[in-house]
Amino acid sequence: MTEPLRFHLDEHVDPDLARALRRVGIDATTTTEANLRTSSDDAQLNFALQESRILITHDQDFLRLAAQGSAHNGIAFCAQGTRTLGQMIEMLIRMHGIYAQSEMINRVEYL
């Protein structure tokens, strides 16, 4: 059986997204819950890597880190203000239903 996707929201993503994902049974953490507020982008990415989580972000700095070869378990990027919270929830639920954790390693998905 494949391991389901687990998510981690960086500090700029609305924590209501994590609550909504949890309501439908999807494992999601926030930066605040992980005691990572004000931590570097590298620390955020490393946390997600160690915890086998897809990083959900609005921050293009994570795209640069990925392009530079930083290892990650996947990044779900959504430019700030381009999607509603409901649209992001819907897209992440779809991702959760389609991809296995192993398919997301070092992959960037644009929401």
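For the working numbering, add 62 to where a residue sits in the sequence shown, where the first one is 1. The C-beta atom is built at its ideal place from N, Cα and C for all residues, glycine as well.
Assuming Leu83 is part of the alpha helix (DSSP H), what are its boundary residues?
Asp78 to Arg85
Secondary structure at Glu152, three-state DSSP: helix, strand or coil?
helix
Buried or exposed by the 16-neighbour rule on C-beta atoms within 10 Å, applied to Asp78:
exposed
Report the three-state DSSP secondary structure of Glu171 (helix, strand or coil).
strand
Could you spell out the range, first to last residue, of the beta strand (DSSP E) harbouring Leu71?
Taken as a continuous stretch (DSSP letters only), the beta strand (DSSP E) holding Leu71 covers Phe69 to Leu71.
Do His134 and Phe109 come within 8 Å of each other at the CB atom, strictly closer than that value?
no
Neighbour-count burial assignment, Asp121, 16 or more Cβ in a 10 Å radius
buried
Just the Cα atoms here: how many angstroms apart are Ala96 and Val86?
21 Å
Terminal residues of the alpha helix (DSSP H) in which Ala129 lies:
Annotation: the continuous alpha helix (DSSP H) that includes Ala129 extends over Gln122 to Ala129.
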